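Trainee: Below is one structure. I have some questions about it.
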Amino acid sequence: MVLQPDLERTARSGDPGLYDESAIQILEGLEPVRMRPGMFIGSTGPSGLHHLVWEVVDNAVDEAMQGYCQNITVSLLEDGGCRVSDDGRGIPVGPHPQYPDKSTAEIVLTVLHAGGKFGGGGYKVSGGLHGVGVSVVNALSRRLVLQVCRDGKQYEMEFRDGGVPVAPLKQVGTTAKGSTGTTVTFWPDPGIFEEGTEFRPQTIEERLQVMAFLNRGLAIQFTDERSEREERLFRYSGGIADFVRHLNSAKEALFKKVGEFSASEASQEVEVAFQWNTGYHDGIHSFANGIATTEGGMHEEGFKKALTVAVKGYARQRNLLKEKDELQGEDIREGLTAIVSVRLENPQFEGQTKTKLGNLSIRSLVERTTNEKLVEWLEENPTEARQIVQKAMTAARARAAARQARDLTRRKSVLEGAGMPDKLADCSSRNARESELFIVEGDSAGGSAIRARNPETQAILPIRGKILNVERARIDRMLKSIEIQALIGAIGAGLGDDFDIAKVRYGKIIILADADVDGSHIRTLLLTFLFRQMKELVEMGYVFVAQPPLYSTLVGKEKVYLKDDLAKASFLSERPNHSHPFNRLKGLGEMDFDELGATTMDRAKRTLLQISVEQAALADEATSVLMGEDVDLRKQFIQNNAKDVRFLDI
Ligand code: 28F
6 MVLQPDLERT
16 ARSGDPGLYD
26 ESAIQILEGL
36 EPVRMRPGMF
46 IGSTGPSGLH
56 HLVWEVVDNA
66 VDEAMQGYCQ
76 NITVSLLEDG
86 GCRVSDDGRG
96 IPVGPHPQYP
106 DKSTAEIVLT
116 VLHAGGKFGG
126 GGYKVSGGLH
136 GVGVSVVNAL
146 SRRLVLQVCR
156 DGKQYEMEFR
166 DGGVPVAPLK
176 QVGTTAKGST
186 GTTVTFWPDP
196 GIFEEGTEFR
206 PQTIEERLQV
216 MAFLNRGLAI
226 QFTDERSERE
236 ERLFRYSGGI
246 ADFVRHLNSA
256 KEALFKKVGE
266 FSASEASQEV
276 EVAFQWNTGY
286 HDGIHSFANG
296 IATTEGGMHE
306 EGFKKALTVA
316 VKGYARQRNL
326 LKEKDELQGE
336 DIREGLTAIV
346 SVRLENPQFE
356 GQTKTKLGNL
366 SIRSLVERTT
376 NEKLVEWLEE
386 NPTEARQIVQ
396 KAMTAARARA
406 AARQARDLTR
416 RKSVLEGAGM
426 PDKLADCSSR
436 NARESELFIV
446 EGDSAGGSAI
456 RARNPETQAI
466 LPIRGKILNV
476 ERARIDRMLK
486 SIEIQALIGA
496 IGAGLGDDFD
506 IAKVRYGKII
516 ILADADVDGS
526 HIRTLLLTFL
536 FRQMKELVEM
546 GYVFVAQPPL
556 YSTLVGKEKV
566 YLKDDLAKAS
576 FLSERPNHSH
586 PFNRLKGLGE
596 MDFDELGATT
606 MDRAKRTLLQ
616 ISVEQAALAD
626 EATSVLMGED
636 VDLRKQFIQN
646 NAKDVRFLDI
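Numbering-wise, the numbering used here puts 141 at position 136 of the sequence shown, and it's gapless, one number per residue.
Take a look at the structure:
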């Protein structure tokens with residue numbers, strides 16, 4: 006027995022004697038939600054606020070997943086409300102089987118968990134913070150208006166102050182021929198959401214886009230009526246294959262095709278789409294009933310296991326692997342973008358943030374399906390299959406080389422402890438704080454630097470021109486370079502995961518290279534290497550770039566050096582009738598050693614640029630993005646970015 010609205014109101018007013026215990030049970034149905042909202046939406050901060058939107062949208066998407074709805078619109082209203090509308094069947098308006106004097110619609114909106122999950126079939130999201138039902142949205146809204154179009158009629162019902170009906174559901178009109186659907190408009194209760202009730206359009210847009218990818222063909226339109234933000238329509242006839250294309254659009258695909266397969270069995274469904282890119286990161290994204298399972302789970306494990314077995318099996322069968330090649334899962338997944346989307350009736354969300362799928366049964370479905378369908382795909386696409394295997398083998402060799410290099414540095418080999426690289430002109434001080442290592446481009450400049458230096462605190466490591474012109478700057482290629490090995494040895498703190506900043510032998514690592522394009526190339530590659538293999542060195546501000554003067558000119562008999570255009574301009578402003586020409590210094594070699602010392606190495610006179618992580622990251626991007634032969638483009642990139650580097654007068 007459910008309270009009549011007036012009784013409900015009386016009960017709420019606390020007037021004794023006017024309500025019986027069953028009324029209390031129903032009335033209090035939504036009370037706990039207002040008492041402890043975090044239990045139902047996670048928090049009352051922005052993420053909890055947006056859960057209200059997800060809950061309403063999920064109900065519309067459920068109607069779509071069952072095949073009854075093709076269009077969903079989501080609008081943010083000027084007055085802070087949110088409207089979600091679908092063209093599904095419309096929530097039933099007849100009397101509810103359990104509460105005969107109430108419409109089904111009212112029960113769905115006012116009784117916890119009265120949504121389509123029980124008996125409504127389909128893949129309602131359950132468990133965790135999802136699928137708590139639209140009644141939770143009602144409970145946490147100061148106002149909610151429900152509109153239903155069904156059977157040629159238009160119905161409406163309004164709720165206030167956390168779900169209290171203003172009046173029973175009533176017909177307010179008739180509908181255009183055959184149009185049906187449900188619209189829910191709600192205004193979150195500021196009393197609940199103390200951090201504000203302002204929706205964030207980007208957050209909503211991103212989630213709607215993912216829902217459209219996961220529900221092939223479903224059109225989801227987003228409008229933010231509060232701003233000029235243009236309306237967005239998400240509809241992907243390619244479904245998760247379009248999702249993979251979207252994720253890879255910012256990368257270089259290894260091949261054009263996007264592979265996909267799916268299967269369903271005993272009310273469980275799996276859909277997979279995949280494509281490799283030339284990068285090194287594995288981008289597997291898994292979903293359960295449209296919820297992103299960021300902590301992975303049984304479906305992802307099944308996929309990964311079968312992926313490894315399928316690709317290794319294919320490679321062995323076609324003799325693509327040499328005996329010594331030992332492919333591991335991580336090698337195969339390098340550069341992989343994949344979507345694993347499953348649907349099941351009672352998903353169990355586990356883990357720290359309730360985003361790990363715990364249902365054991367789904368693992369075997371995904372594993373069997375992937376094993377069978379992926380092998381088929383590899384056999385039907387031999388060219389792509391060969392590229393996948395090739396890439397995995399290269400990754401496996403790089404992994405082996407990196408491990409060998411780490412072992413090398415661990416075993417106190419030539420790189421560390423057991424004698425410094427012979428190219429290093431070390432300094433006599435053993436106090437890292439006062440010691441500096443100059444990495445100097447070219448043997449001639451190296452020679453000058455050795456003569457110009459302060460032998461007590463300044464060490465010089467000359468390196469030849471192109472230390473490594475690696476296409477992908479992959480670790481194994483770098484380590485083959487003697488120069489890089491000498492650099493690792495000189496710094497003395499290992500590399501990669503084993504890098505130990507406490508062992509660094511110098512307080513400053515200073516890159517000294519020409520101001521020309523080659524110089525900037527070598528600077529970029531060195532910064533890339535340090536950024537990738539000794540990131541903490543960059544983060545802790547050990548890395549600097551020396552600033553040899555750009556110009557020289559004569560004042561009387563004396564040669565004067567000017568650091569850069571700024572220095573040249575201020576020189577000219579002090580000497581307006583200076584007539585001598587300015588010589589643009591191309592290389593370190595144009596200065597003899599004491600000039601190099603005086604202008605670039607002497608602490609009292611030099612200017613060093615301290616490299617921040619952002620600059621090193623830019624260099625890293627330059628290396629991977631600008632490895633082509635387009636010198637001007639590279640030069641442009643360096644000049645654009647160099648000007649952002651902070652200038653420090655050390
Ligand atoms: C704007 C948000 O909530 N759409 C919804 C339906 C359709 C049905 C339904 C919903 C059935 C028995 C609970 C219609 N006809 N959009 C939405 N569309 N709920 S919510 O049924 C509710 C369940 O009790 C529906 C036939 N069966 C189901």
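Ideal Cβ positions, reconstructed from N, Cα and C, are used throughout, including at glycine. From a predicted model like this one, the values you see are computed outputs, not experimental measurements.
Excluding the 5 residues preceding and the 5 following R510 in the sequence, name in chain order all residues of the same chain whose CB lies nearer than 6 Å to its CB.
Mentor: For the purposes of this step, residue 510 is taken as residue 505 along the sequence shown, with counting starting at 1. Excluding residues within five positions, the ones whose Cβ falls inside 6 Å are A437, G497.
Trainee: With 16 other CB atoms within 10 Å as the buried threshold, where does R608 fall?
Mentor: Here residue 608 is taken as the residue at index 603 of the sequence shown, counted from 1. Under this definition R608 is an exposed residue.
Trainee: Within 10 angstroms of its Cβ, does E235 collect 16 or more other Cβ (buried), or is it exposed?
Mentor: Sequence index remark: in the sequence shown, residue 235 carries index 230 (1-based). E235 comes out exposed.
Trainee: Among residues of its own chain, excluding the 5 on either side of M162, which ones have a beta-carbon nearer than 6 Å to its beta-carbon?
Mentor: Within the sequence shown, the letter at position 157 stands for residue 162. Around M162: L151, L174.
Trainee: Quick one: residues in its chain with C-beta nearer than 6 Å to the C-beta of F227, no 5 flanking neighbours on either side, listed in chain order?
Mentor: Mapped onto the sequence shown, residue 227 falls at position 222. Cβ neighbours of F227 beyond the five flanking positions: V79, E210, L213, R237.
Trainee: Between the alpha carbons of E60 and S140, how many angstroms are there, rounded?
Mentor: If you number the sequence shown from 1, residue 60 lands on position 55. If you number the sequence shown from 1, residue 140 lands on position 135. One C-alpha to the other measures close to 10 Å.
Trainee: Is the segment 319 to 329 in contact with the segment 259 to 274, if contact means three or more CB pairs nearer than 8 Å?
Mentor: No: fewer than three Cβ pairs fall under 8 Å.
Trainee: What did DSSP end up calling A498 once you bin it into helix, strand or coil?
Mentor: In the sequence shown, counting from the first residue as 1, residue 498 sits at position 493. Reduced to three states, the DSSP call for A498 is coil.
Trainee: Closer than 7 Å: is that where the CB of P97 sits relative to any heavy atom of the ligand 28F?
Mentor: Your numbering for residue 97 matches position 92 in the sequence shown. P97 Cβ: within cutoff of the ligand 28F.
Trainee: Going by DSSP, what residue range makes up the alpha helix (DSSP H) through D91?
Mentor: Counting from one through the sequence shown, the residue named residue 91 turns up at place 86. Note, D91: premise wrong, no alpha helix (DSSP H); beta strand (DSSP E) at 87 to 91.
Trainee: Output the boundary residues of the beta strand (DSSP E) element that contains S146.
Mentor: Position 141 of the sequence shown, counted from the start, is the residue given in the question as residue 146. It spans 146 to 155 - the beta strand (DSSP E) in which S146 sits, taken as one unbroken run.
Trainee: Report all residues from its chain with a CB closer than 6 Å to the CB of K378; omit the five preceding and five following residues, and keep chain order.
Mentor: As a position in the sequence shown, residue 378 is number 373, starting the count at 1. Answer for K378: F266, listed in chain order.
Trainee: Just reading off the alpha helix (DSSP H) that L219 is part of, what are its end residues?
Mentor: On the sequence shown, residue 219 is found 214 positions in, with the first residue counted as 1. Its alpha helix (DSSP H) spans residues 206 to 219.
Trainee: What are the uninterrupted segments assigned as beta strand (DSSP E) that are 3 or more residues long and contained completely in the segment 538 to 575, given in chain order?
Mentor: Segments of the beta strand (DSSP E) lying fully in the segment 538 to 575: 548 to 551, 556 to 560, 563 to 567.
Trainee: So is the beta-carbon of T115 under 7 Å away from any non-hydrogen atom of the ligand 28F?
Mentor: The residue labelled residue 115 in the question sits at position 110 within the sequence shown. T115 Cβ: outside cutoff for every heavy atom of the ligand 28F.
Trainee: Among the residues of its own chain, which have a CB less than 8 Å from the CB of T202, if the five just before and after it don't count?
Mentor: Sequence index remark: in the sequence shown, residue 202 carries index 197 (1-based). Only L54, G85, W192, P193, D194, P195 meet the Cβ criterion.
Trainee: Classify P102: buried if its beta carbon has 16 or more other beta carbons within 10 angstroms, exposed otherwise.
Mentor: Position 97 of the sequence shown holds residue 102. Per the 10 Å Cβ criterion, exposed.
Trainee: Leaving out five residues before and five after F587 in sequence, what residues of the same chain have Cβ atoms less than 8 Å from its Cβ?
Mentor: Counted from its first residue, the sequence shown places residue 587 at position 582. Excluding positions up to five away in sequence, the list reads Y556, S557, T558, L567, K573.
Trainee: Any heavy atom of the ligand 28F within a distance shorter than 7 Å of the CB on A144?
Mentor: To locate residue 144, count along the sequence shown from 1; it is residue 139. Checking the Cβ of A144 against the ligand 28F gives no.
Trainee: May I ask you to report which of helix, strand or coil DSSP gives K508?
Mentor: Position 503 of the sequence shown, counted from the start, is the residue given in the question as residue 508. Helix.
Trainee: Determine the extent of the beta strand (DSSP E) in which E446 is found, giving its start and end residues.
Mentor: Residue numbering aside, residue 446 sits at position 441 when the sequence shown is read from its first letter. Element bounds for E446: 441 to 446.
Trainee: CB-CB under 6 Å to A343, same chain, minus the five flanking residues each way: which ones, in chain order?
Mentor: In the sequence shown, residue 343 corresponds to position 338, counting from 1. Excluding positions up to five away in sequence, the list reads F279, I289.
Trainee: Please list the terminal residues of the continuous beta strand (DSSP E) segment that includes T612.
Mentor: Start at 1 with the first residue of the sequence shown, and residue 612 comes out as number 607. Neither: T612 is in no beta strand (DSSP E) and is coded neither H nor E.
Trainee: Under a Cβ-count criterion, where at least 16 other Cβ atoms within 10 Å of its own Cβ denotes burial, should T656 be classed as buried or exposed?
Mentor: Any question about residue 656 goes unanswered here, given that the chain covers just 6 to 655.
Trainee: Consult DSSP for G422 and reduce its assignment to one of helix, strand or coil.
Mentor: Stepping through the sequence shown from its first residue, residue 422 is reached at position 417. Per-residue confidence for G422 stands at a pLDDT of 45, beneath the threshold of 50, marking its modelled position as unreliable; the derived number appears in the next sentence. In this structure, G422 counts as coil in the three-state DSSP scheme.
Trainee: Is the beta carbon of T109 within less than 7 Å of some heavy atom of the ligand 28F?
Mentor: Taking the sequence shown and counting its residues from 1, one reaches residue 109 at position 104. Checking the Cβ of T109 against the ligand 28F gives yes.
Trainee: Reducing DSSP to helix, strand and coil, say where P170 ends up.
Mentor: Here residue 170 is taken as the residue at index 165 of the sequence shown, counted from 1. Correct three-state label for P170: strand.
Trainee: Would you decide whether S90 is buried or exposed? Buried here means 16 or more other CB atoms lie within 10 Å of its CB.
Mentor: Sequence index remark: in the sequence shown, residue 90 carries index 85 (1-based). Counting Cβ neighbours within 10 Å, S90 comes out buried, since at least 16 surround it.
Trainee: Name the one or two DSSP bridge partners that H290 has.
Mentor: Numbered from 1 along the sequence shown, position 285 holds the residue referred to as residue 290. H290 is bridged to I344.
Trainee: Under a three-way DSSP split, which group does P37 fall into?
Mentor: Within the sequence shown, numbered from 1, the residue matching residue 37 stands at position 32. Helix.
Trainee: Hey, could you find the ends of the beta strand (DSSP E) L370 is sitting in?
Mentor: On the sequence shown, position 365 is the one that residue 370 refers to. Not the beta strand (DSSP E): L370 falls in the alpha helix (DSSP H), residues 365 to 385.
Trainee: Is the separation between the beta-carbon of I468 and that of E488 shorter than 8 Å?
Mentor: Residue mapping note: residue 468 aligns to position 463 of the sequence shown, counting from 1. Residue mapping note: residue 488 aligns to position 483 of the sequence shown, counting from 1. Cβ distance < 8 Å, so I468 and E488 count as in contact.
Trainee: Between which two residues does the alpha helix (DSSP H) carrying M596 extend?
Mentor: Position 591 of the sequence shown holds residue 596. Taken as a continuous stretch (DSSP letters only), M596 belongs to no alpha helix (DSSP H), as it is neither H nor E.
Trainee: Is it the case that the CB of E339 approaches a heavy atom of the ligand 28F more closely than 7 Å?
Mentor: As a position in the sequence shown, residue 339 is number 334, starting the count at 1. No, since every heavy atom of the ligand 28F falls outside the 7 Å radius drawn around the Cβ of E339.
Trainee: Can you look up I197 in the DSSP assignment and give me helix, strand or coil?
Mentor: Reading the sequence shown from its first residue, position 192 is the one you call residue 197. Of the three classes helix, strand and coil, the one that applies to I197 here is coil, per DSSP.
Trainee: Please find out if some non-hydrogen atom of the ligand 28F comes closer than 7 Å to the beta-carbon of G93.
Mentor: Residue numbering aside, residue 93 sits at position 88 when the sequence shown is read from its first letter. Yes, since a heavy atom of the ligand 28F falls inside the 7 Å radius drawn around the Cβ of G93.
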